[in-house]
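Protein chains in written order, with this note's numbering: chain D, 1 to 110; chain B, 1001 to 1116. Glycine included, each C-beta is placed from N, C-alpha and C at the ideal position. Please read all numbers here as calculations on a predicted model, not as lab measurements. For reference, the structure discussed in these notes is given below.
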Amino acid sequence: GEDVEQSLFLSVREGDSSVINCTYTDSSSTYLYWYKQEPGAGLQLLTYIFSNMDMKQDQRLTVLLNKKDKHLSLRIADTQTGDSAIYFCAEYTGGFKTIFGAGTRLFVKA
Amino acid sequence: EAGVVQSPRYKIIEKKQPVAFWCNPISGHNTLYWYRQNLGQGPELLIRYENEEAVDDSQLPKDRFSAERLKGVDSTLKIQPAELGDSAVYLCASSLGLGGLHNEQFFGPGTRLTVL
């Protein structure tokens, strides 16, 4: 069955880069997403990558996809305290079915 | 433009009591989702609507959970009776519903349910 796994915690210093990793199981995934959840709020789409791409860059965000290893990563450059949140990896296999990971809680130390 | 609206934001009830959650999706979004998010977990789909039709309710515990989306806009999710294990955040999301293409979902802030 489909499954998405992430490490639970990451702590970085302000100004450093953060790298959040994710593995997924469904090779038929068409899109892979990164959502951000701040305290008391719903999830907000940060960025996404189509399965035939290796990399996508969007300002401070870089998404890397290794389809062979079913590994997805999100790099946040120059991490700020406002980036502290939970980051969810999700895979979309079509038919409106999106599978979410358990989320990685990012702590940014000033 | 208003986002997905949910109410109430918080609800505390005793076990065996009924509870209902309300969701108003983004205008024009045909697809509406109800998710349950347990503490420390990602959202898990309970039910998905295409307009007023429930097209995926395979994960909805039908013995105590029910949902409706009359007129294909607002939706309510009900639990009767609630159990201790139902304590979670209930998230509503909506999307344009473009079939197999990129499917960005827009989430509401959720309703945090505590069952005592």
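query: Neighbouring residues, chain D, relative to R1048(B) (Cβ below 9 Å); result: F96 and K97
query: Reference F9(D); option with closest CA among Q1041(B), K1011(B), T1031(B) and V1073(B); result: Q1041(B)
query: Helix, strand or coil at T30(D) according to DSSP, with G and I counted as helix; result: coil
query: Neighbourhood of L32(D) by C-beta, 6 Å cutoff - its chain only, sequence neighbours within 5 removed; result: I49, L72 and E91
query: Contacting residues, own chain, Cβ-Cβ under 7 Å from D1074(B) (five flanking each side not counted); result: W1022, C1023 and N1024
query: Whole-number beta carbon distance between L65(D) and G54(D), since they are thought to touch under 8 Å; result: A small correction: the amino acid at residue 54(D) is Asp; Gly does not occupy that position in the sequence shown. That belief holds up - the Cβ atoms of D54(D) and L65(D) are roughly 6 Å apart, short of 8 Å.
query: Beta-carbon separation (whole angstroms), T1111(B) vs Q1006(B), contact threshold 8 Å; result: 6 Å
query: Where S28(D) falls, given that 16 or more other Cβ within 10 Å makes a residue buried; result: exposed
query: N- and C-terminal bounds of the beta strand (DSSP E) containing D58(D); result: M55 to D58
query: Three CB pairs or more closer than 8 Å across the stretch 10-23 of chain D and the stretch 83-102 of chain D; result: yes
query: Beta-carbon separation (whole angstroms), V1115(B) vs A1082(B), contact threshold 8 Å; result: 5 Å
query: C-beta contact flag for K67(D) and S51(D) at 9 Å; result: yes
query: Delimiting residues of the beta strand (DSSP E) encompassing L1148(B); result: Any property of residue 1148(B) remains undetermined from this structure, which presents chain B solely from 1001 to 1116.
query: Proximity winner among L1060(B), K1011(B), K1015(B) and L1039(B), relative to I1047(B) (alpha-carbon distances); result: L1060(B)
query: Min CB distance Q57(D) to chain B below 9 Å; result: no
query: Cutoff 9 Å: P1008(B) Cβ touching any chain D Cβ; result: no
query: 9 Å Cβ cut-off: residues of chain D touching P1109(B); result: G40, A41 and G42
query: Beta-carbon proximity of Y1049(B) to T1076(B), cut-off 9 Å; result: no
query: Chain B within 9 Å of A90(D), Cβ atoms only; result: yes
query: Within chain B, partners of L45(D) - CB distance below 7 Å; result: E1104
query: Chain D contact for S1095(B) (CB, 9 Å cutoff); result: yes
query: Sheet register partners of L1077(B) (DSSP bridge); result: F1021(B) and A1067(B)
query: Between the CA atoms of E1044(B) and S1058(B) - distance to the nearest angstrom; result: 12 Å
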